[in-house]
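What follows is a short report on a single structure.
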Amino acid sequence: MRNERQTDDVALGIRRRVFEHAIRNNGGYLSQACSAAEQLAWLYNEELKLGAPTLPMIPKPFEGVPSQDNPDYHTGAGYNGPATPHHDRLFIAPAHYALVAYATLIEVGRMAPEGLEMFNQDGSSVEMIGAEHSPGMEVHNGTLGIGLSTASGLAYGRRLRGETGRTWVFMSDGEVQEGQTWEAVQACAHHGIDTVLAIMDVNDQQCDGAMSSVMDVGDIRTKFLNFGASCVEIDGHDLSAMRDAVQEPHAGKPLIILARTNPFHSMSILEERFPRLHYVRFKSEDERARFNTSIAADLGVDPVDYGH
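When we follow our numbering, the leftmost residue of the sequence shown carries the number 826, and every step to the right adds one.
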(Lines of atoms letter the chains of each structure in order from A and count residues from 1; the text may use other names and numbers.)
(Lines give C-alpha, C1' and ligand atoms only; values in the text may rest on other atoms or scores of the structure.)
Protein backbone atom coordinates (compact mmCIF):
# COMPACT_ATOMS: atom_id res chain seq x y z
CA MET A 1 0.00 0.00 0.00
CA ARG A 2 1.57 3.30 -1.12
CA ASN A 3 0.54 6.85 -0.37
CA GLU A 4 0.69 9.17 -3.37
CA ARG A 5 1.83 12.20 -1.39
CA GLN A 6 5.43 13.29 -1.56
CA THR A 7 7.42 11.99 1.39
CA ASP A 8 8.73 15.40 2.40
CA ASP A 9 5.11 16.59 2.61
CA VAL A 10 4.33 13.63 4.87
CA ALA A 11 7.24 14.58 7.13
CA LEU A 12 6.00 18.16 7.34
CA GLY A 13 2.50 16.90 8.12
CA ILE A 14 3.87 14.76 10.94
CA ARG A 15 5.58 17.75 12.54
CA ARG A 16 2.50 19.92 12.17
CA ARG A 17 0.27 17.35 13.89
CA VAL A 18 2.71 16.85 16.76
CA PHE A 19 3.09 20.61 17.15
CA GLU A 20 -0.68 21.17 17.23
CA HIS A 21 -1.12 18.37 19.75
CA ALA A 22 1.65 19.69 22.01
CA ILE A 23 0.30 23.24 22.04
CA ARG A 24 -3.26 22.13 22.74
CA ASN A 25 -2.18 19.75 25.50
CA ASN A 26 0.45 22.01 27.05
CA GLY A 27 3.32 19.69 26.18
CA GLY A 28 4.50 16.83 24.03
CA TYR A 29 7.30 14.98 22.31
CA LEU A 30 8.30 17.80 20.00
CA SER A 31 11.98 17.06 19.54
CA GLN A 32 11.24 13.49 18.44
CA ALA A 33 9.10 14.90 15.63
CA CYS A 34 11.94 17.25 14.73
CA SER A 35 14.49 14.48 14.44
CA ALA A 36 12.47 11.50 13.20
CA ALA A 37 9.77 12.79 10.84
CA GLU A 38 11.72 12.09 7.64
CA GLN A 39 12.67 8.60 8.78
CA LEU A 40 9.13 7.51 9.62
CA ALA A 41 7.71 9.26 6.56
CA TRP A 42 10.23 7.46 4.35
CA LEU A 43 9.54 4.07 5.93
CA TYR A 44 5.77 4.28 5.66
CA ASN A 45 5.44 6.25 2.45
CA GLU A 46 8.14 4.56 0.40
CA GLU A 47 10.17 1.72 1.82
CA LEU A 48 7.97 -0.65 3.80
CA LYS A 49 6.12 -3.37 1.91
CA LEU A 50 2.82 -3.37 3.80
CA GLY A 51 -0.72 -4.42 3.07
CA ALA A 52 -3.85 -2.42 3.77
CA PRO A 53 -4.75 -1.88 7.45
CA THR A 54 -6.85 -4.60 9.05
CA LEU A 55 -8.10 -2.54 12.01
CA PRO A 56 -10.69 0.28 12.16
CA MET A 57 -9.49 3.73 11.17
CA ILE A 58 -10.70 5.02 14.52
CA PRO A 59 -8.88 2.92 17.16
CA LYS A 60 -10.86 0.71 19.50
CA PRO A 61 -10.59 1.23 23.26
CA PHE A 62 -8.13 -0.86 25.26
CA GLU A 63 -9.54 -4.40 25.25
CA GLY A 64 -7.28 -6.09 27.77
CA VAL A 65 -4.08 -8.09 27.59
CA PRO A 66 -3.61 -11.36 25.65
CA SER A 67 -4.82 -14.43 27.50
CA GLN A 68 -6.90 -17.58 27.05
CA ASP A 69 -9.81 -15.65 28.49
CA ASN A 70 -9.46 -12.85 25.94
CA PRO A 71 -9.61 -14.58 22.54
CA ASP A 72 -10.50 -11.39 20.66
CA TYR A 73 -7.32 -9.61 21.72
CA HIS A 74 -5.33 -8.03 18.90
CA THR A 75 -2.13 -6.02 18.63
CA GLY A 76 -1.89 -2.60 17.04
CA ALA A 77 0.16 -4.07 14.20
CA GLY A 78 -3.02 -4.34 12.16
CA TYR A 79 -2.50 -0.68 11.24
CA ASN A 80 0.58 -1.88 9.34
CA GLY A 81 -1.48 -4.45 7.47
CA PRO A 82 -1.65 -8.24 7.66
CA ALA A 83 1.30 -10.32 8.89
CA THR A 84 1.70 -12.34 5.72
CA PRO A 85 4.91 -14.19 4.76
CA HIS A 86 5.84 -11.68 2.06
CA HIS A 87 4.99 -8.43 3.85
CA ASP A 88 7.43 -6.45 5.99
CA ARG A 89 7.04 -6.16 9.74
CA LEU A 90 7.99 -3.04 11.72
CA PHE A 91 8.94 -2.54 15.35
CA ILE A 92 8.93 0.97 16.82
CA ALA A 93 11.62 0.35 19.42
CA PRO A 94 11.56 3.65 21.38
CA ALA A 95 7.98 3.57 22.67
CA HIS A 96 8.06 7.26 23.65
CA TYR A 97 8.04 8.11 19.93
CA ALA A 98 4.42 6.92 19.88
CA LEU A 99 2.95 10.38 19.28
CA VAL A 100 5.15 10.78 16.20
CA ALA A 101 4.27 7.26 15.03
CA TYR A 102 0.53 7.94 15.36
CA ALA A 103 0.90 11.19 13.42
CA THR A 104 2.68 9.18 10.71
CA LEU A 105 -0.16 6.67 10.49
CA ILE A 106 -2.62 9.53 10.02
CA GLU A 107 -0.49 11.25 7.38
CA VAL A 108 -0.23 8.08 5.26
CA GLY A 109 -3.92 7.24 5.61
CA ARG A 110 -3.68 4.30 7.99
CA MET A 111 -5.44 5.87 10.97
CA ALA A 112 -8.13 8.53 11.25
CA PRO A 113 -7.22 11.95 12.71
CA GLU A 114 -9.72 11.27 15.49
CA GLY A 115 -7.30 8.67 16.81
CA LEU A 116 -4.90 11.35 17.98
CA GLU A 117 -7.65 12.90 20.09
CA MET A 118 -7.62 9.66 22.13
CA PHE A 119 -3.92 10.05 22.96
CA ASN A 120 -3.20 9.29 26.63
CA GLN A 121 -6.89 9.17 27.55
CA ASP A 122 -8.20 6.74 30.16
CA GLY A 123 -9.32 3.52 28.52
CA SER A 124 -7.69 4.35 25.19
CA SER A 125 -5.40 2.09 23.19
CA VAL A 126 -3.63 5.19 21.85
CA GLU A 127 -1.10 5.14 24.65
CA MET A 128 1.33 7.93 25.48
CA ILE A 129 4.08 5.30 25.65
CA GLY A 130 3.24 2.86 22.90
CA ALA A 131 2.20 -0.63 24.01
CA GLU A 132 1.46 -3.80 22.05
CA HIS A 133 -2.19 -2.79 21.59
CA SER A 134 -1.39 0.74 20.40
CA PRO A 135 -1.78 1.70 16.72
CA GLY A 136 1.22 0.59 14.71
CA MET A 137 2.74 -1.39 17.57
CA GLU A 138 3.12 -5.16 17.63
CA VAL A 139 4.96 -5.71 20.89
CA HIS A 140 5.73 -3.65 23.98
CA ASN A 141 9.08 -2.03 23.29
CA GLY A 142 9.14 0.40 26.19
CA THR A 143 12.17 -1.20 27.82
CA LEU A 144 15.29 0.42 26.38
CA GLY A 145 17.14 -1.81 23.94
CA ILE A 146 14.72 -4.69 23.29
CA GLY A 147 13.54 -3.63 19.85
CA LEU A 148 16.42 -5.02 17.82
CA SER A 149 16.45 -8.20 19.88
CA THR A 150 12.75 -8.74 19.26
CA ALA A 151 13.17 -8.14 15.55
CA SER A 152 16.13 -10.50 15.33
CA GLY A 153 14.20 -13.33 16.99
CA LEU A 154 11.19 -12.78 14.76
CA ALA A 155 13.34 -12.64 11.62
CA TYR A 156 15.00 -15.94 12.56
CA GLY A 157 11.61 -17.54 13.05
CA ARG A 158 10.35 -16.12 9.77
CA ARG A 159 13.33 -17.62 7.97
CA LEU A 160 12.66 -21.03 9.51
CA ARG A 161 9.10 -20.80 8.17
CA GLY A 162 10.33 -19.80 4.72
CA GLU A 163 8.93 -16.27 4.84
CA THR A 164 10.47 -13.69 2.53
CA GLY A 165 9.31 -10.44 4.17
CA ARG A 166 11.80 -8.20 5.93
CA THR A 167 11.78 -7.21 9.58
CA TRP A 168 12.39 -3.50 10.11
CA VAL A 169 13.22 -1.62 13.31
CA PHE A 170 12.97 2.08 13.99
CA MET A 171 15.45 2.76 16.80
CA SER A 172 16.90 5.58 18.87
CA ASP A 173 20.56 6.00 19.71
CA GLY A 174 20.06 5.51 23.45
CA GLU A 175 19.55 1.82 22.72
CA VAL A 176 23.24 1.31 22.01
CA GLN A 177 23.81 1.77 25.75
CA GLU A 178 22.16 -1.62 26.27
CA GLY A 179 24.01 -4.91 25.90
CA GLN A 180 21.21 -6.83 24.25
CA THR A 181 21.36 -4.52 21.23
CA TRP A 182 24.86 -5.81 20.54
CA GLU A 183 23.86 -9.41 21.26
CA ALA A 184 21.13 -9.09 18.66
CA VAL A 185 23.59 -7.85 16.05
CA GLN A 186 25.98 -10.70 16.84
CA ALA A 187 23.20 -13.25 16.63
CA CYS A 188 22.08 -11.97 13.23
CA ALA A 189 25.63 -12.01 11.92
CA HIS A 190 26.28 -15.49 13.32
CA HIS A 191 23.13 -16.95 11.78
CA GLY A 192 23.42 -15.00 8.55
CA ILE A 193 20.13 -13.16 9.03
CA ASP A 194 20.09 -10.32 6.53
CA THR A 195 16.35 -9.66 6.59
CA VAL A 196 16.76 -7.43 9.66
CA LEU A 197 17.09 -3.76 8.77
CA ALA A 198 17.10 -0.84 11.17
CA ILE A 199 17.15 2.92 10.91
CA MET A 200 18.34 4.68 14.05
CA ASP A 201 17.48 8.24 15.02
CA VAL A 202 20.88 9.48 16.20
CA ASN A 203 19.88 12.79 17.77
CA ASP A 204 22.37 12.53 20.68
CA GLN A 205 19.53 13.02 23.19
CA GLN A 206 17.78 10.87 25.76
CA CYS A 207 15.45 11.20 28.73
CA ASP A 208 18.08 12.56 31.14
CA GLY A 209 19.75 14.92 28.69
CA ALA A 210 22.57 14.67 26.18
CA MET A 211 23.77 11.13 25.40
CA SER A 212 27.35 12.11 26.15
CA SER A 213 26.43 13.14 29.70
CA VAL A 214 24.48 9.95 30.50
CA MET A 215 26.77 7.35 28.94
CA ASP A 216 29.08 8.25 26.10
CA VAL A 217 28.89 5.57 23.39
CA GLY A 218 31.78 6.59 21.17
CA ASP A 219 31.97 5.57 17.51
CA ILE A 220 28.83 3.46 17.14
CA ARG A 221 29.28 2.83 13.41
CA THR A 222 32.63 1.14 14.06
CA LYS A 223 31.04 -0.89 16.84
CA PHE A 224 28.23 -2.10 14.59
CA LEU A 225 30.75 -3.10 11.95
CA ASN A 226 32.86 -4.95 14.53
CA PHE A 227 29.81 -6.81 15.83
CA GLY A 228 29.02 -8.06 12.32
CA ALA A 229 26.50 -5.63 10.86
CA SER A 230 26.62 -3.64 7.69
CA CYS A 231 26.31 -0.01 8.77
CA VAL A 232 25.81 3.24 6.87
CA GLU A 233 25.86 6.72 8.38
CA ILE A 234 23.72 9.43 6.77
CA ASP A 235 22.05 12.80 7.29
CA GLY A 236 18.74 11.76 8.84
CA HIS A 237 16.88 14.67 7.26
CA ASP A 238 17.99 13.72 3.73
CA LEU A 239 15.47 11.44 2.04
CA SER A 240 17.78 10.75 -0.90
CA ALA A 241 20.44 9.52 1.53
CA MET A 242 17.94 7.05 3.03
CA ARG A 243 17.03 5.75 -0.40
CA ASP A 244 20.70 5.19 -1.18
CA ALA A 245 21.53 3.70 2.23
CA VAL A 246 18.97 0.91 1.99
CA GLN A 247 20.70 -0.29 -1.18
CA GLU A 248 23.92 -1.00 0.76
CA PRO A 249 24.98 -4.65 0.17
CA HIS A 250 24.54 -6.69 3.36
CA ALA A 251 24.34 -10.35 2.39
CA GLY A 252 24.37 -12.46 5.56
CA LYS A 253 24.36 -9.38 7.80
CA PRO A 254 21.79 -7.04 9.35
CA LEU A 255 21.76 -3.53 7.90
CA ILE A 256 21.87 -0.60 10.34
CA ILE A 257 21.30 2.93 9.00
CA LEU A 258 22.55 5.59 11.39
CA ALA A 259 20.46 8.68 10.68
CA ARG A 260 22.15 11.65 12.33
CA THR A 261 19.59 14.31 13.14
CA ASN A 262 18.97 17.64 14.81
CA PRO A 263 16.49 17.49 17.74
CA PHE A 264 15.23 21.00 17.01
CA HIS A 265 15.19 20.73 13.22
CA SER A 266 12.28 22.87 11.91
CA MET A 267 11.38 24.06 15.43
CA SER A 268 14.31 26.33 16.17
CA ILE A 269 12.95 27.70 19.45
CA LEU A 270 13.47 24.25 21.04
CA GLU A 271 17.18 25.02 21.18
CA GLU A 272 16.34 27.09 24.25
CA ARG A 273 15.62 23.84 26.08
CA PHE A 274 18.79 22.05 24.96
CA PRO A 275 19.82 19.54 26.22
CA ARG A 276 16.55 18.89 28.12
CA LEU A 277 14.40 18.03 25.14
CA HIS A 278 12.87 14.64 25.94
CA TYR A 279 9.40 15.96 26.77
CA VAL A 280 8.61 19.63 26.42
CA ARG A 281 6.06 21.01 28.88
CA PHE A 282 5.53 24.74 28.85
CA LYS A 283 6.47 26.56 32.04
CA SER A 284 3.96 29.40 31.66
CA GLU A 285 1.20 30.64 29.38
CA ASP A 286 3.58 33.25 28.03
CA GLU A 287 6.08 30.57 27.04
CA ARG A 288 3.34 28.45 25.49
CA ALA A 289 2.20 31.40 23.40
CA ARG A 290 5.76 32.22 22.36
CA PHE A 291 6.49 28.63 21.31
CA ASN A 292 3.17 28.54 19.47
CA THR A 293 4.02 31.62 17.41
CA SER A 294 7.62 30.62 16.72
CA ILE A 295 7.01 27.00 15.70
CA ALA A 296 4.00 27.92 13.58
CA ALA A 297 6.20 30.33 11.64
CA ASP A 298 8.88 27.64 11.18
CA LEU A 299 6.31 25.12 9.92
CA GLY A 300 4.45 27.56 7.71
CA VAL A 301 1.09 27.34 9.51
CA ASP A 302 -1.07 29.61 11.61
CA PRO A 303 -0.57 29.50 15.39
CA VAL A 304 -2.80 26.96 17.10
CA ASP A 305 -6.03 28.31 18.58
CA TYR A 306 -6.06 26.43 21.87
CA GLY A 307 -8.12 28.78 24.06
CA HIS A 308 -6.97 30.51 27.22
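Even glycine gets a Cβ: it sits at the ideal position worked out from N, Cα and C.
Residue 1040 sits exposed, since fewer than 16 C-beta atoms from the chains shown fall within 10 Å of its C-beta. Beta-bridge analysis with DSSP links residue 1002 to no other residue. Taken through DSSP and simplified to helix, strand or coil, residue 954 comes out as coil. Between residue 854 and residue 924, the C-beta gap is smaller than 7 angstroms, which places the two residues in contact. In this structure residue 945 is in contact with residue 953, their Cβ atoms being roughly 4 angstroms apart against a cut-off of 8 angstroms. Inter-segment contact for the region 1117-1132 and the region 1048-1064 is absent: fewer than three beta-carbon pairs are separated by less than 8 angstroms. The criterion of a C-beta distance shorter than 7 angstroms is not satisfied by residue 1019 and residue 1084.
In this structure, the straight-line span from the alpha carbon of residue 879 to that of residue 1128 is close to 35 angstroms.
For residue 911, the closest of 1108, 922, 984, 947 by C-alpha to C-alpha distance is 984.
DSSP places residue 1020 outside both helix and strand once states are collapsed to three, so it counts as coil. Relative to residue 1099, the option among 1036, 1065, 1073 whose CA is nearest is 1036. Under the three-state reduction of DSSP output, residue 1010 falls in the helix class. Counting only unbroken stretches of 3 or more residues, the beta strand (DSSP E) elements lying wholly within the region 1013-1070 are 1021-1027, 1055-1060, in sequence order. Here the region 1002-1022 makes contact with the region 966-980; the two share three or more CB pairs at distances below 8 angstroms. Checking the DSSP bridge columns, you'll see residue 994 partnered with 916, 1023. The beta carbon of residue 885 sits closer than 8 angstroms to those of 950, all from its chain and outside the five residues before and after it, given in chain order. The residue from 1078, 1032, 1038 with its alpha-carbon nearest to that of residue 1050 is 1078. The residue among 845, 844, 852 with its C-alpha nearest the C-alpha of residue 1109 is 852. When the Cα atoms are used, residue 979 and residue 1005 turn out to be separated by approximately 15 angstroms. The Cβ atoms of residue 926 and residue 961 lie closer than 7 angstroms to each other. Secondary structure note for residue 1084: its beta strand (DSSP E) is the uninterrupted segment 1080-1085. At least 7 angstroms separates the beta-carbon of residue 871 from that of residue 1062. Judged by DSSP secondary structure, residue 929 falls within the alpha helix (DSSP H) whose first and last residues are 923-932. Its chain contains 969, 1031, 1036 as the residues whose beta carbon lies nearer than 7 angstroms to that of residue 999, once the 5 sequence neighbours on both sides are disregarded; these appear in chain order.
Rounded to the nearest whole angstrom, the CA to CA distance from residue 965 to residue 1048 is 26 angstroms.
Residue 843 sits in a helix when the DSSP states are folded into three classes. Judged by beta-carbon spacing, residue 835 lies beyond the 7 angstroms limit of residue 928, meaning their Cβ atoms are not closer than that value. Annotation for residue 989: 910, 911 place their beta carbon closer than 7 angstroms to its own, counting only its chain and skipping 5 residues before and after. Residue 1120: member of the alpha helix (DSSP H) spanning 1110-1124, first to last residue. As computed with DSSP, residue 1106 is found in a beta bridge with 852. Counting every other CB atom within 10 Å of its CB across the protein chains shown gives residue 883 a total below 16, marking it as exposed. The beta carbon of residue 1067 sits closer than 6 angstroms to the beta carbons of 867 from its chain, once the five residues preceding and following it are set aside; these are given in chain order. Using a Cβ distance threshold of 7 angstroms, residue 1022 and residue 856 do not count as a contacting pair.
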